[in-house]
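Numbering (this note's numbering), first residue to last: 8 to 244. Ideal Cβ positions, reconstructed from N, Cα and C, are used throughout, including at glycine. Note that the structure is predicted; figures quoted are calculated from it, not measured.
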């Protein structure tokens with residue numbers, strides 16, 4: 008699970024439904040900035056904290072007897088779940104509300120019913136990776152510095168978790184579909200073909216703003232300039 012989440016030294020890991028804490032080996036606990044875990048069973052929590060002390064990682068990982076719905080996950084960059092499907096799906100609104108875009112969720116065996124995983128791995132059992140997407144659904148005003156000048160587009164994006172579709176409009180050009188749209192956490196990319204020229208947009212979502220670079224042309228004619236978009240209307244994810 009931790010390998011699938013690509014856990015690194017800068018990560019804060021929260022394990023919901025931690026049981027006896029076996030996901031936190033000494034090596035894994037030393038590889039993160041901080042880790043915490045919650046379980047409703049007091050005996051298992053005591054056992055897990057005792058094991059952490061014996062392993063010498065009690066300064067990095069703590070176990071709490073706590074309802075998973077009352078666990079503070081706002082600082083988490085990785086959340087691991089080994090819970091039954093009903094509980095997993097009941098937790099989804101909390102996860103989507105409290106975790107920042109780009110946070111990774113790994114579910115063991117029981118996936119979310121209406122959220123397609125970003126990646127699935129099967130090794131005797133099934134593991135599902137979800138990357139919390141930024142909210143991009145709705146209308147945006149995009150200003151782009153292109154080789155032929157500064158262009159303004161009205162971009163409409165439809166969003167279903169990390170899956171996005173949409174198009175752009177500019178004066179007299181009609182509807183320009185977004186090609187190869189992709190959203191991963193707060194990173195977004197798409198292509199607009201305008202007057203026969205393909206413009207490759209890449210950037211980051213920062214709340215009501217998106218900005219990044221746009222590449223146009225090929226070979227020696229390749230240019231890289233900036234773009235920026237401001238949200239006009241929020242969509243429904």
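Requested in this report: Leaving out five residues on either side along the sequence, give the residues of the same chain with a beta carbon under 6 Å from the beta carbon of residue 240.
Outcome: As a working note, residue 240 is residue 233 in the chain shown. 145, 146.
Requested in this report: Grab me the residues of residue 182's own chain with a C-beta within less than 7 Å of its C-beta, minus the 5 sequence neighbours each way, in chain order.
Outcome: By 1-based counting over the chain shown, the position of residue 182 is 175. Around residue 182: 174, 176.
Query raised in the report: Could you give the distance in angstroms between the alpha-carbon of residue 211 and the alpha-carbon of residue 194?
Result: To locate residue 211, count along the chain shown from 1; it is residue 204. To locate residue 194, count along the chain shown from 1; it is residue 187. The straight-line gap from Cα to Cα measures roughly 5 Å.
Query raised in the report: Taking contact to mean at least 3 C-beta pairs separated by less than 8 Å, is the segment 125–135 in contact with the segment 99–108?
Result: Counting C-beta pairs closer than 8 Å gives fewer than three between the segment 125–135 and the segment 99–108, which falls short of the contact rule.
Requested in this report: Could you pull out every unbroken alpha helix (DSSP H) segment of at least 4 residues lying fully inside the segment 70–111, listed in chain order?
Outcome: Complete alpha helix (DSSP H) runs here, min 4: 92–105.
Report task. Taking only runs that begin and end inside the segment 139–205, name each unbroken beta strand (DSSP E) of 3 or more residues, in chain order. Result -> Taking only runs of at least 3 residues, the beta strand (DSSP E) segments lying wholly in the segment 139–205 are 145–153, 156–167, 170–177, 181–184, 186–191, 194–201.
Query - Burial state of residue 223 (16 or more Cβ within 10 Å) - result: Here residue 223 corresponds to residue number 216 of the chain shown, with the count starting at 1. Burial call: buried.
Report task. Return the CA-CA distance between residue 14 and residue 217, expressed in angstroms with no decimal places. Result -> What you label residue 14 is simply residue 7 of the chain shown in a count that begins at 1. What you label residue 217 is simply residue 210 of the chain shown in a count that begins at 1. Answer to the nearest angstrom: the Cα atoms are 27 Å apart.
Query raised in the report: With a CB to CB cut of under 8 Å and the five nearest residues on each side skipped, what residues in its chain are close to residue 91?
Result: Within the chain shown, the letter at position 84 stands for residue 91. Take residue 91, set aside five residues on each side of it, and the residues of its chain with a beta-carbon closer than 8 Å to its own are 117, in chain order.
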